[in-house]
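Working notes for the structure below.
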Amino acid sequence: MFSYRINEHLELRLYEPGHSEEVFAVSSANRDHIRLWLPWIDAVKTVEDTRDFIKKSLEQYARDDGFQCGIWEDNIYVGGLGYHWINRTGNYTEIGYWLAKSAEGRGIMSAACKVLVDHAFKAWKLNKVEIRAASGNHRSRAVAKRLGFTEEGTLRQINRIGSTYHDIVVYGMTAAEWAASGTDFSSAPIVGRVE
1104 MFSYRINEHL ELRLYEPGHS EEVFAVSSAN RDHIRLWLPW IDAVKTVEDT RDFIKKSLEQ
1164 YARDDGFQCG IWEDNIYVGG LGYHWINRTG NYTEIGYWLA KSAEGRGIMS AACKVLVDHA
1224 FKAWKLNKVE IRAASGNHRS RAVAKRLGFT EEGTLRQINR IGSTYHDIVV YGMTAAEWAA
1284 SGTDFSSAPI VGRVE
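In terms of the working numbering, the numbers along the sequence shown are unbroken and rise by one, the last being 1298.
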């Protein structure tokens, strides 16, 4: 199993098929919470749908186009995050994430995203990382702000959830900005560390 320990309580794990039931149970229990901002939850109706997501995320990892991982707090699954893709021509990526309602407000997602941002710049030598969040999703936007990302603009009415359209706010961080921020977070590549 590939994993990365953030601290004594938090661990990132590359998704694998054995996680399917646990991931489905937590995402289903948080369906109404997730649905507010992330329309993909409505396509996840069965454990098999989650297995399919994990299979696709492992294919993404095998193609070297990023990866998806889960967040475990004290060995309990609480959410997920990952790279949507890696644009090798532009040398940048976008990070997406979600967290169970019960795990919010404790800095879990900020700590997890910090690891992925650091990995993108130090291991992959990318030039930029983006985070996109619905304009009304204040918690998600706060993660980008806490990490020092710059608000770059708003994509108007681009995210449809049900019959409602939402604006998406784009945040960006360049490798030079990350280095200049004085972030002392020397992480080895996440994927490749076996425990």
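Glycine included, each C-beta is placed from N, C-alpha and C at the ideal position.
All values reported here derive from a predicted model rather than from experimental measurement.
Could you check if Gly1285 is buried or exposed, using at least 16 other CB atoms within 10 Å of its CB as the buried criterion? Working through the sequence shown from its first residue, we reach residue 1285 at position 182. It counts as exposed.
Tell me the rounded alpha-carbon separation between Ala1247 and Gln1260. In the sequence shown, counting from the first residue as 1, residue 1247 sits at position 144. In the sequence shown, counting from the first residue as 1, residue 1260 sits at position 157. So the two alpha carbons sit approximately 20 Å from each other.
Looking at the unbroken alpha helix (DSSP H) that takes in Ser1123, where does it start and where does it end? For this step, residue 1123 is matched to residue 20 along the sequence shown. Taken as a continuous stretch (DSSP letters only), the alpha helix (DSSP H) holding Ser1123 covers Ser1123 to Ala1132.
Unbroken stretches of the beta strand (DSSP E), 3 residues or longer, contained in the region 1215-1284: 1231-1237, 1253-1264 and 1267-1277
Have a look at Phe1170 and Arg1263 and give me their C-alpha separation to the nearest angstrom. By one-based count along the sequence shown, residue 1170 stands at place 67. By one-based count along the sequence shown, residue 1263 stands at place 160. Phe1170 and Arg1263: Cα-Cα distance of roughly 25 Å.
Taking the DSSP output, what are the residues bridged to Thr1196? The residue given as residue 1196 occupies position 93 in the sequence shown. Ile1189 and Val1232, per the DSSP bridge assignment.
DSSP state of Leu1147 mapped onto helix, strand, coil: Translated into positions along the sequence shown, residue 1147 becomes position 44. According to the sequence as given, residue 1147 is Val; it is not Leu. Note: Val1147 maps to coil in three-state DSSP.
Determine the extent of the beta strand (DSSP E) in which Tyr1107 is found, giving its start and end residues. Numbered from 1 along the sequence shown, position 4 holds the residue referred to as residue 1107. Ser1106 to Arg1108 is the span of the beta strand (DSSP E), which, as asked, contains Tyr1107.
Using 8 Å as the threshold, is the region 1235-1250 in touch with the region 1144-1157, meaning 3 or more CB pairs across them? no
Alpha carbon to alpha carbon, how far is Trp1188 from His1112? Give it in angstroms, no decimals. The sequence position of residue 1112 within the sequence shown is 9, counting from 1. The sequence position of residue 1188 within the sequence shown is 85, counting from 1. Each residue's alpha carbon lies about 28 Å from the other.
Assuming Asp1270 and Thr1257 make a contact with CB atoms under 8 Å, what is their CB distance in whole Å? For this step, residue 1270 is matched to residue 167 along the sequence shown. For this step, residue 1257 is matched to residue 154 along the sequence shown. At roughly 5 Å, the Cβ-Cβ gap stays under 8 Å, so Asp1270 and Thr1257 are in contact.
Buried or exposed (CB count within 10 angstroms, at least 16 for buried), Ile1056: Given a span of 1104 to 1298 for the chain in the structure shown, any question on residue 1056 remains unanswerable.
DSSP beta-bridge partners of Leu1115: In the sequence shown, residue 1115 corresponds to position 12, counting from 1. According to DSSP, which records beta bridges pairwise, Leu1115 is partnered with Tyr1107 and Ile1174.
Tell me the DSSP secondary structure of Leu1139 in three-state form. Here residue 1139 corresponds to residue number 36 of the sequence shown, with the count starting at 1. It is coil, neither helix nor strand.
Of the residues Lys1159, Asp1167, His1136 and Leu1184, which one's Cα is nearest the Cα of Leu1311? Nothing can be reported for residue 1311, as the shown portion of the chain is limited to 1104 through 1298.
Between the C-alpha atoms of Tyr1268 and Ala1282, what's the straight-line distance to the nearest angstrom? By 1-based counting over the sequence shown, the position of residue 1268 is 165. By 1-based counting over the sequence shown, the position of residue 1282 is 179. Those two C-alpha atoms are separated by around 36 Å.
Between Arg1242 and Val1272, is the Cβ-Cβ spacing less than 8 Å? Working through the sequence shown from its first residue, we reach residue 1242 at position 139. Working through the sequence shown from its first residue, we reach residue 1272 at position 169. It is not a contact, given that the beta carbons lie outside the stated cut-off.
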